[in-house]
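Novice:
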Ligand SMILES: Nc1ncnc2c1ncn2[C@@H]1O[C@H](COP(=O)(O)OP(=O)(O)OP(=O)(O)O)[C@@H](O)[C@H]1O
Ligand SMILES: [Mg+2]
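Residue numbers (our numbering): 956 to 1318.
1) Taking DSSP as the reference, what is the three-state secondary structure of residue 970?
2) By how many angstroms is the C-alpha of residue 1052 removed from the C-alpha of residue 1183?
3) Quick one, which of 1005, 1292, 1280 and 1150 has its alpha-carbon nearest residue 1232's?
4) Of the choices 1102, 1107, 1055 and 1118, whose alpha-carbon is the least far from that of residue 1088?
5) With 16 other CB atoms within 10 Å as the buried threshold, where does residue 992 fall?
6) Any heavy atom of ligand 1 closer than 7 Å to the CB of residue 1169?
7) Tell me the start and end of each unbroken alpha helix (DSSP H) in the stretch 1159-1245 that is at least 4 residues and wholly inside, in chain order.
8) To which residues of the same chain is residue 1085 closer than 7 Å at the C-beta, ignoring the five residues directly before and after it?
9) What does residue 1273 pair with, by DSSP beta-bridge criteria?
10) Of the choices 1059, 1229, 1100 and 1167, whose alpha-carbon is the least far from that of residue 1258?
11) Is DSSP giving residue 1268 helix, strand or coil here?
12) CB of residue 1143 to nearest heavy atom of ligand 2: below 7 Å?
13) With a floor of 3 residues, list each beta strand (DSSP E) that falls wholly inside the stretch 966-1020, ordered by position along the chain.
14) Going straight from the alpha carbon of residue 1275 to that of residue 1297, what length do you get?
15) Count the other CB atoms within 10 Å of the CB of residue 1079; is the residue buried (16 or more) or exposed (fewer)?
16) Answer yes or no: the CB of residue 1029 versus the heavy atoms of ligand 1, is any distance below 7 Å?
17) Grab me the residues of residue 923's own chain with a C-beta within less than 6 Å of its C-beta, minus the 5 sequence neighbours each way, in chain order.
Right under this line is the structure:
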């Protein structure tokens, strides 16, 4: 069951918001509304996120990502629509109840966020726990662990202004990780980091997620980051979600011309994995009998296509593909690899209908 569910969310800024929704439903476009002094920041957004998933929202500046995220934890009240977390309608809660849910269940890493300048890094990281009323000793212990996870071990007693911008951003991440919140909302959390550290943080997040299994909504305008992190990705354009799907869905079956142009520059060999293009075989003992001994090399379902070239350069034989536990699940031959890389993304409007209902398109 999905833990987080957004149902037909709208956020309209400016005059006569309710009327604007009726106009949008009747087909008035966003630019016409803007001419009236009304901004439709988010238009009819629906999706679901399951436990343990990272749901990425991607889009250009101004497409409505931050506004959408702020509605998910009640910082912004939707003009219309509902947000359900564990079946509870956050939009119907009283302010006090909402604050309670926010303090205990939801953690947010803001896009532009400020640390408290007169508190140490440790105190900053422990802030969420302080709000929850966790005793000092425990919150310092948990904040210390979270700082270590964020790669800031040794900086606990420093002041925020002694840290670089990227390090300060990581204190924000540590603050979110220190709480036991199940829902993590991350707005451009890694954007201020330089590329190597950024990749490192992405790896750490993926690794953490394997054991913590939080429900994460991660916002980015970086396509490669989206593809790396997202179990599912929503692409936003001018306030609307134009496609929801896995990285492969979006890469191989873009729903609109806009998405197709968006993904033009993605390095397919780094996003597509052996698992996405393999021919599935029977699992277990049957697979071993299915010719496994004749395969030159074994890779996993997560191996990017870019790493399949080397084995094929020394042998024509197909590669065996195993899952995370080492069980053979499929094979990839050279033809499949080349076909996958040669494929031009084609727009498939039919995908869109299924997505808009919030149904997972994960194969
Ligand atoms: N409080 C507000 N009042 C009026 N308009 C707003 C407000 N907040 C956001 N907007 C408008 O809503 C639209 C979406 O803004 P939002 O901040 O959600 O975009 P974004 O996708 O997060 O962009 P970025 O990548 O630059 O952070 C923009 O046109 C913005 O000007
Ligand atoms: Mg934003």
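Even glycine gets a Cβ: it sits at the ideal position worked out from N, Cα and C.
Specialist: According to the data block:
1) Here residue 970 is taken as the residue at index 15 of the chain shown, counted from 1. In this structure, residue 970 counts as coil in the three-state DSSP scheme.
2) In the chain shown, counting from the first residue as 1, residue 1183 sits at position 228. In the chain shown, counting from the first residue as 1, residue 1052 sits at position 97. About 35 Å.
3) Start at 1 with the first residue of the chain shown, and residue 1232 comes out as number 277. For residue 1232, the nearest C-alpha among the options comes from 1292.
4) As a position in the chain shown, residue 1088 is number 133, starting the count at 1. Looking at the Cα atoms, 1055 is the closest of the given residues.
5) As a position in the chain shown, residue 992 is number 37, starting the count at 1. That one is exposed.
6) Translated into the one-based positions of the chain shown, residue 1169 becomes position 214. No, Cβ of residue 1169 sits at least 7 Å from all heavy atoms of ligand 1.
7) 1178-1184, 1202-1207, 1212-1217, 1223-1226, 1229-1232 and 1240-1244
8) As a working note, residue 1085 is residue 130 in the chain shown. Within the same chain, residue 1085 has close Cβ partners 1094.
9) For the purposes of this step, residue 1273 is identified with residue 318 of the chain shown, where counting begins at 1. In the DSSP output, where bridge partners are listed per residue, residue 1273 has none listed.
10) As a position in the chain shown, residue 1258 is number 303, starting the count at 1. Of 1059, 1229, 1100 and 1167, the residue nearest in Cα terms is 1229.
11) Counting from 1 along the chain shown, the entry for residue 1268 is found at position 313. Of the three classes helix, strand and coil, the one that applies to residue 1268 here is helix, per DSSP.
12) Start at 1 with the first residue of the chain shown, and residue 1143 comes out as number 188. Because some heavy atom of ligand 2 lies under 7 Å away, the Cβ of residue 1143 counts as near it: yes.
13) 993-1005 and 1009-1014
14) In the chain shown, residue 1275 corresponds to position 320, counting from 1. In the chain shown, residue 1297 corresponds to position 342, counting from 1. Cα-Cα distance, rounded: 22 Å.
15) On the chain shown, position 124 is the one that residue 1079 refers to. Buried is the call here.
16) Here residue 1029 is taken as the residue at index 74 of the chain shown, counted from 1. No, Cβ of residue 1029 sits at least 7 Å from all heavy atoms of ligand 1.
17) What is shown of the chain runs 956 to 1318, which leaves residue 923 out entirely.
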